[in-house]
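A short worksheet on the structure shown next.
There are 2 protein chains.
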Amino acid sequence: MASNRADLAAMMYPVSRALMAAELPILRTHEISMWGYAVLNTLVEQPIHTQSALAKEIGADKTRIIPVLDELQERALIERTPDPDDRRARRLAVTDAGRALRDAVQADIQRGEDRLLARIPAADRTAFLRALALLAELAPEEISYLS
Amino acid sequence: MASNRADLAAMMYPVSRALMAAELPILRTHEISMWGYAVLNTLVEQPIHTQSALAKEIGADKTRIIPVLDELQERALIERTPDPDDRRARRLAVTDAGRALRDAVQADIQRGEDRLLARIPAADRTAFLRALALLAELAPEEISYLS
DNA sequence: TATTGTTATACTCTATAACTATA
DNA sequence: TATAGTTATAGAGTATAACAATA
């Protein structure tokens, strides 16, 4: 199968680092951090019932997102409401302002990404995005070379 | 263009993290670090005339690869020879043993990767690899959303 | 006994500063 | 004055341990 290609990780990791770096100026313009944006992006899909679940969803440690959630809440971009069914937990939901901010950020980011994707021949571009989406939907545990 | 897709970085970064994590057990088996493997991979392509150039090539700081080079040299996987034309510099080249090790490691890694790639429909797979290789060959500076 | 959220702490990785020797 | 290689140090980012409240 492999016709003398470079390792996948060796190709993908530097590219994804560069993609993240390219997002930073945009995020700064909107005064939000990478983790903050990741949280908004996740909560836009659906509210989440515990902070632990959110942390797991975005691949972060539960202790690491606490300052992020604190700031998002202060800025009224998310709501943390005590769960009446489990008084330990705090339900998380994005506010209208949070949704608007994430939409604005994403529009800027994807505008830049589209210019980059334009370098890929149209015939390959959709297949690339389809394959990438497929890989991204795999659970991390499914990406293993053992067994 | 974008038909409601996730951000590129949001898709690629977790995947590349998982790919790197999947390599670790293989690297451990061959008793080499990720950076050590990256160095061998680069030197297999061509010898390099300064450590700074090597560091830049693999996206590392020049101070960070020194212990890596020390160990590779101790294990006779690379050679560091003083450059007669510039006595500050040390030319870097992979040895036969180094080349053999990198070939063995790469075979193991790509065997695992091929199993992963098999999940992608064949019609998309080659286009995916072609597009990924194209992005990987861009200089990091070319991946920018400004201008 | 286990889990949620939290704080404080330790650890890892990475970049910066400062040095010697050459150019 | 600038660069190659090196060392030691500082910083950012991340994970671990321990705690109170609740299940």
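From first to last, the protein sequence lines are chains A and B.
If you're matching positions, the first sequence starts at 1 in this note's numbering and goes up one per residue.
If you're matching positions, the second sequence starts at 1001 in this note's numbering and goes up one per residue.
Where a beta carbon is used, it is the ideal one built from N, C-alpha and C, also for glycine.
Is it the case that the region 128-147 of chain A contacts the region 1015-1025 of chain B, given that we only count it when at least three CB pairs across the two stretches are under 8 Å?
yes
For residue 1069 of chain B, tell me which candidate among B/1051, B/1134, B/1108, B/1024 has the shortest Cα-Cα distance.
B/1051
Could you please tell me which residues of the region 1014-1039 of chain B, in chain order, have their CB closer than 8 Å to any CB of chain A?
1014, 1015, 1016, 1017, 1018, 1019, 1020, 1021, 1022, 1023, 1025, 1026, 1038
Beta-carbon contacts of residue 2 of chain A that lie in its chain and below 8 Å, excluding the five residues immediately before and after
Because the pLDDT at residue 2 of chain A is just 48, under 50, the model does not fix this residue reliably, and the value given afterwards should be weighed accordingly. Result list for residue 2 of chain A: empty, nothing under 8 Å.
To the nearest angstrom, how far is the alpha carbon of residue 80 of chain A from that of residue 1056 of chain B?
45 Å
Using beta carbons (cut-off 8 Å, strictly below), is residue 1096 of chain B in contact with chain A?
no
Does the Cβ-Cβ distance between residue 1039 of chain B and residue 1065 of chain B come in under 8 Å?
yes
Mark residue 1046 of chain B as exposed unless 16 or more other C-beta atoms lie within 10 angstroms of its C-beta, in which case mark it buried.
exposed
Whether residue 99 of chain A touches residue 1129 of chain B by CB criterion (8 Å)
no
Mapping the DSSP letters down to three states, classify residue 1081 of chain B as helix, strand or coil.
strand
When you compare the CB positions of residue 987 of chain B and residue 1105 of chain B, do they come within less than 8 Å of one another, or not?
In the structure as shown, chain B starts at 1001 and stops at 1147, and residue 987 of chain B therefore has no counterpart that could be examined.
Could you check which residue in B/1076, B/1112, B/1060, B/1125 has the C-alpha nearest to that of residue 1021 of chain B?
B/1112
From the beta carbon of residue 1113 of chain B, is the nearest beta carbon of chain A less than 8 Å away?
yes
Does the distance from the CB of residue 7 of chain A to the CB of residue 1131 of chain B come in under 8 Å?
no
By the DSSP assignment, the alpha helix (DSSP H) with residue 1136 of chain B in it spans what residues?
1122-1137
Inspect the beta-carbon positions of residue 9 of chain A and residue 1023 of chain B and report whether they are closer than 8 Å.
yes
Beta-carbon contacts of residue 1097 of chain B that lie in its chain and below 7 Å, excluding the five residues immediately before and after
1076, 1077
Specify the secondary structure class of residue 1093 of chain B as computed by DSSP and reduced to three states.
strand
Note the first and the last residue of the continuous alpha helix (DSSP H) segment covering residue 144 of chain A.
Looking at the DSSP string, residue 144 of chain A is not in any alpha helix (DSSP H), and its letter there is neither H nor E.
Using CA atoms only, rank isn't needed, just tell me which of B/1058, B/1030, B/1054 is closest to residue 1136 of chain B.
B/1058
Using a Cβ-Cβ distance cut-off of 8 Å, determine whether residue 48 of chain A contacts chain B.
no
With distances taken Cα to Cα, identify the nearest neighbour of residue 1048 of chain B among B/1103, B/1117, B/1091.
B/1091
Taking 8 Å as the cut-off, decide whether the C-beta atoms of residue 87 of chain A and residue 44 of chain A are in contact.
no
Tell me where the alpha helix (DSSP H) around residue 1060 of chain B begins and ends.
Premise fails: residue 1060 of chain B is in no alpha helix (DSSP H) and is neither H nor E.
I want to verify the contact list: residues of chain B whose CB lies under 7 Å from the CB of residue 65 of chain A, in sequence order.
Correct list: empty, because the minimum Cβ distance to chain B is about 16 Å.
Proximal residues to residue 1042 of chain B (C-beta, below 6 Å), its chain only, five neighbours per side dropped
1057, 1058
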